[in-house]
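S.K.:
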Amino acid sequence: MQNNIGEKMYGWAKDLFPINRSLTGPGVRETLSYLKNIHPELEIKSVPTGYKAFDWDVPKEWSIKEAYIENEFGDRIIDFKINNLHLVGYSTPIDTWLSLEELNTYLYSLPEQPDAIPYVTSYYFERWGFCISQNQRDNLKPCNYHVVIKSELKDGVLNYGELLIPGEEKKEIFLSTYICHPSMANNELSGPVVTTALAKWIKSLKKRRYTYRIVFIPETIGSLVYLSKNIEEMQKFMIGGFNITCVGDDRCYSYIPSRSGDTYSDKIAKHVLSRIDKNYKIYSWLDRGSDERQYCAPGIDLPVATVTRSKYGEYPEYHTSNDNLKLISPEGLEGSFKALKSCLEIMEMDLYYKVTVLGEPQLGKRNLYPTISSKGSAIEVRDMMNFLSFCDGKHSLLEISEEINVSIYILQDYIEKFTNADLISPINN
Numbered sequence: 002m003q004n005n006i007g008e009k010m011y012g013w014a015k016d017l018f019p020i021n022r023s024l025t026g027p028g029v030r031e032t033l034s035y036l037k038n039i040h041p042e043l044e045i046k047s048v049p050t051g052y053k054a055f056d057w058d059v060p061k062e063w064s065i066k067e068a069y070i071e072n073e074f075g076d077r078i079i080d081f082k083i084n085n086l087h088l089v090g091y092s093t094p095i096d097t098w099l100s101l102e103e104l105n106t107y108l109y110s111l112p113e114q115p116d117a118i119p120y121v122t123s124y125y126f127e128r129w130g131f132c133i134s135q136n137q138r139d140n141l142k143p144c145n146y147h148v149v150i151k152s153e154l155k156d157g158v159l160n161y162g163e164l165l166i167p168g169e170e171k172k173e174i175f176l177s178t179y180i181c182h183p184s185m186a187n188n189e190l191s192g193p194v195v196t197t198a199l200a201k202w203i204k205s206l207k208k209r210r211y212t213y214r215i216v217f218i219p220e221t222i223g224s225l226v227y228l229s230k231n232i233e234e235m236q237k238f239m240i241g242g243f244n245i246t247c248v249g250d251d252r253c254y255s256y257i258p259s260r261s262g263d264t265y266s267d268k269i270a271k272h273v274l275s276r277i278d279k280n281y282k283i284y285s286w287l288d289r290g291s292d293e294r295q296y297c298a299p300g301i302d303l304p305v306a307t308v309t310r311s312k313y314g315e316y317p318e319y320h321t322s323n324d325n326l327k328l329i330s331p332e333g334l335e336g337s338f339k340a341l342k343s344c345l346e347i348m349e350m351d352l353y354y355k356v357t358v359l360g361e362p363q364l365g366k367r368n369l370y371p372t373i374s375s376k377g378s379a380i381e382v383r384d385m386m387n388f389l390s391f392c393d394g395k396h397s398l399l400e401i402s403e404e405i406n407v408s409i410y411i412l413q414d415y416i417e418k419f420t421n422a423d424l425i426s427p428i429n430n
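Residue numbers (the numbering used here): 2 to 430.
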C-alpha cells in the first residue's frame with residue numbers, strides 16, 4: 002500500500018484542488034463523494050440549517066454559480082471561474098454598477114504580498130466582496146464596473162463524513178481533518194489526503210487493537226456539530242487522537258499540544274517527532290487555531306494534539322493563492338503520512354509487560370546473548386537488560402523507550418525474543 006504513497010496522495014490533491022469548498026454546499030458534498038469512492042465505508046451525514054451545536058448554530062447553505070467584475074469596456078477583470086479565491090466566501094448575490102472608488106470598498110488585497118490573492122470569508126455576517134492581488138488592484142482604471150455575483154443562501158444542510166474502523170477493543174483513536182476551504186493545497190487538501198491514506202493503511206492491518214474514528218468535517222462548526230452528537234461516546238472510549246492539517250510541505254515538522262499538554266497523544270507526538278527531527282517546532286496551547294480548540298475545550302477535554310508541518314498562520318503562503326500545488330509535494334505528504342503512521346503504530350504496540358522470573362534473567366541459557374562479541378553487541382546486551390529491568394507491569398512500552406532511549410521498534414524485536422523464551426508476558430493495565 003505504501004509504494005508511491007506520496008504520489009498517490011498528491012494525485013488526490015490535484016483532483017480535489019479545483020473544487021470550491023466552504024462550510025456548506027455542493028463543494029463539500031463533491032469532496033466527500035470523491036473520498037467515498039476511495040473509502041466506500043465512509044458515511045456522509047448532514048445536519049440542517051439552524052441545528053444547535055452547543056453555543057453555535059449551523060449557518061445557511063451557500064452555493065455559487067458565477068461571480069465576476071467587468072469594466073465598462075466589457076473587459077472581465079475578475080472571474081470566480083479562473084480562481085475561486087477571488088470571491089469572498091459566503092458572498093450574497095449582487096448585480097450592480099459601481100465606480101472605482103465605490104468598488105474599492107468591496108475589494109480585499111495584501112499590500113505586503115502584492116502577487117497573492119487573499120482568502121477571505123464572511124460566514125456569519127451577510128456581505129459580499131472580491132479578493133484581488135495588490136498588483137492587479139493598483140492597475141485598475143477609473144471607470145464604472147459591472148459587479149455580478151450569482152449566489153444563493155438558503156436553509157439547507159451541513160455535511161460531514163465519518164469513517165469507523167472497528168478493532169479488537171472498544172477503545173478508540175480519533176483522527177480529524179477539515180474539508181471547508183476552496184483551492185488551497187497545504188492548508189486545505191494536505192489534511193484530507195494524508196488522513197485518507199492513513200485510513201487505507203489502518204484498514205490494511207491484519208490485526209487492529211483499537212477502533213478508529215475518522216472524520217472529514219468543516220472546520221470549527223463541523224467539529225462542534227460532531228461533538229454535540231458523539232461527545233459521551235468519545236469521552237468514554239477515546240484514548241488519543243490527532244487533528245491533521247497543513248501536512249503537505251517539507252519545510253519542518255511542528256506540534257501543537259492539547260490544552261493540558263500531557264495527554265497520551267501529546268506524549269506520542271513528541272516521542273515520534275523528536276526522533277524524526279530533533280529541531281521540530283513546539284508550539285503552546287496559546288498558539289492553537291484549528292479544531293484542537295473544540296476537542297480540548299473545557300468540559301470536552303479530549304486527548305487531541307496536532308501534528309503538522311509548517312503550522313497554519315506561520316508560513317507566508319497561508320490563506321492566499323500562493324498556497325497552491327507547488328507548495329506541497331509528494332515527499333512532504335509522505336513524510337507526514339509516515340510520522341502520523343508511526344504515532345498510530347506506537348499506540349497499537351504500547352502494551353505493558355512483566356518479567357516472569359525473579360531476579361535478573363539468565364540470558365545465556367536461553368541463547369539470547371549475541372553470538373559475536375563486539376562493541377555493538379555489548380550495547381545491545383545493555384539495552385536488552387535495561388528493557389527487562391523496566392518490565393514490571395507498571396511501565397508501558399512507550400515509557401520504557403523514553404527511559405532507556407531505545408527505539409520502540411527495536412524494543413519490539415526484544416519483545417518477540419523474550420516472549421518466545423517465556424521471559425515476559427503482556428498484562429492488562
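Glycine is no exception: its CB is placed at the ideal position from the N, C-alpha and C atoms.
Using the three-state DSSP reduction, which class does Arg30 fall into: helix, strand or coil?
M.R.: It is helical.
S.K.: Using C-beta distances below 6 Å, list every residue in its chain close to Ala270, excluding the 5 sequence neighbours before and after it, in chain order.
M.R.: Excluding residues within five positions, the ones whose Cβ falls inside 6 Å are Tyr256, Ala306 and Val308.
S.K.: For Val89, which residues from the same chain have a beta carbon less than 8 Å from its beta carbon, with the 5 sequence-adjacent residues on both sides left out?
M.R.: Tyr109, Val121, Thr122, Ser123, Arg128, Trp129, Gly130, Phe131 and Cys132.
S.K.: Counting only the same chain and skipping the five closest in sequence on each side, list residues whose C-beta sits under 6 Å from that of Tyr52.
M.R.: Cβ neighbours of Tyr52 beyond the five flanking positions: Val59.
S.K.: Excluding the 5 residues preceding and the 5 following Gln413 in the sequence, name in chain order all residues of the same chain whose CB lies nearer than 7 Å to its CB.
M.R.: Contacts found: Met350.
S.K.: Could you say which of Cys297, Leu328, Gln295 and Lys142 lies nearest to Ser311 if we only look at CA atoms?
M.R.: The candidate whose alpha carbon is nearest that of Ser311 is Leu328.
S.K.: Would you mind working out which of Asp139, Tyr146, Leu43 and Tyr179 sits nearest Gly28, comparing C-alpha positions?
M.R.: Ranking the options by Cα distance to Gly28, first place goes to Tyr179.
S.K.: Label Trp98 either buried or exposed according to how many other C-beta atoms from any shown protein chain fall within 10 Å of its C-beta, with 16 as the threshold for buried.
M.R.: By the neighbour-count rule (16 or more Cβ atoms within 10 Å), Trp98 is not buried but exposed.
S.K.: Just the C-alpha distance for Leu352 and His272, rounded to the nearest angstrom, thanks.
M.R.: Approximately 16 Å between the Cα atoms of the pair.
S.K.: Between the C-alpha atoms of Met2 and Pro427, what's the straight-line distance to the nearest angstrom?
M.R.: Caution is warranted here: a pLDDT of 49 is assigned to Met2, below 50, making its placement in the model unreliable, and the coordinate value is therefore given only provisionally. Cα to Cα, Met2 sits roughly 30 Å from Pro427.
S.K.: Tell me where the alpha helix (DSSP H) around Pro331 begins and ends.
M.R.: From DSSP, the alpha helix (DSSP H) with Pro331 extends over Pro331 to Met350.
S.K.: Does DSSP put Ala68 in a helix, a strand or coil?
M.R.: Residue state, collapsed to three classes: strand.
S.K.: Cβ of Val59 within 7 Å of any heavy atom in the ligand GDP?
M.R.: By its list of ligands, the structure shown contains no ligand whatsoever, and the ligand GDP lies outside what it can speak to.
S.K.: Mind reading off the beta-carbon distance from Asn387 to Ile416? Whole number of angstroms is fine, and I expect it under 8 Å.
M.R.: Not quite, the Cβ-Cβ distance comes to about 14 Å (not below 8 Å), so this is no contact.
S.K.: Where does Met2 fall in DSSP's three states?
M.R.: For Met2, the predicted structure reports a pLDDT of 49, less than 50, and the residue's modelled location is therefore unreliable. The matter cannot be settled from this model.
S.K.: Once DSSP output is grouped into helix, strand and coil, what is the label at Asp58?
M.R.: Note: Asp58 maps to strand in three-state DSSP.
S.K.: Going by DSSP, what residues sit across from Asp250 in a beta bridge?
M.R.: According to DSSP, which records beta bridges pairwise, Asp250 is partnered with nothing at all.
S.K.: Between the beta-carbon of Glu163 and the beta-carbon of Val226, is there less than 8 Å?
M.R.: Contact: no.
S.K.: Give me the Cα-Cα distance between Arg260 and Asn160, rounded to the nearest whole angstrom.
M.R.: Near 28 Å, if we compare the C-alpha coordinates of Asn160 and Arg260.
S.K.: Could you give the residue range of the alpha helix (DSSP H) that holds Glu73?
M.R.: Neither: Glu73 is in no alpha helix (DSSP H) and is coded neither H nor E.
S.K.: Mind checking who Tyr438 pairs with in its DSSP beta bridge?
M.R.: Any property of residue 438 remains undetermined from this structure, which presents the chain solely from 2 to 430.
S.K.: So what does DSSP say about Val305, is it helix, strand or coil?
M.R.: Three-state result, Val305: strand.
S.K.: Shortest alpha-carbon distance to Tyr91 belongs to which of Ile70, Cys181 and Glu8?
M.R.: Of the candidates Ile70, Cys181 and Glu8, the one whose C-alpha sits nearest the C-alpha of Tyr91 is Cys181.
S.K.: Is Trp129 helix, strand or coil when you go by DSSP?
M.R.: Of the three classes helix, strand and coil, the one that applies to Trp129 here is coil, per DSSP.
S.K.: Glu400 and Gly7 - do their beta-carbons sit closer together than 8 Å?
M.R.: The answer is no: Cβ separation not under 8 Å.
S.K.: I'd like the list of long-range same chain contacts for Pro19, defined as Cβ closer than 7 Å, with 5 residues on each side in sequence excluded.
M.R.: If we look at Pro19 and ignore the five residues flanking it on each side, its Cβ neighbours are Ser184.
S.K.: Kindly indicate the opening and closing residues of the beta strand (DSSP E) around Thr25.
M.R.: Taken as a continuous stretch (DSSP letters only), Thr25 belongs to no beta strand (DSSP E), as it is neither H nor E.
S.K.: Hey, Gly314 and Gly333: beta-carbon distance below 8 Å or not?
M.R.: For Gly314 and Gly333, no; Cβs fall outside 8 Å.
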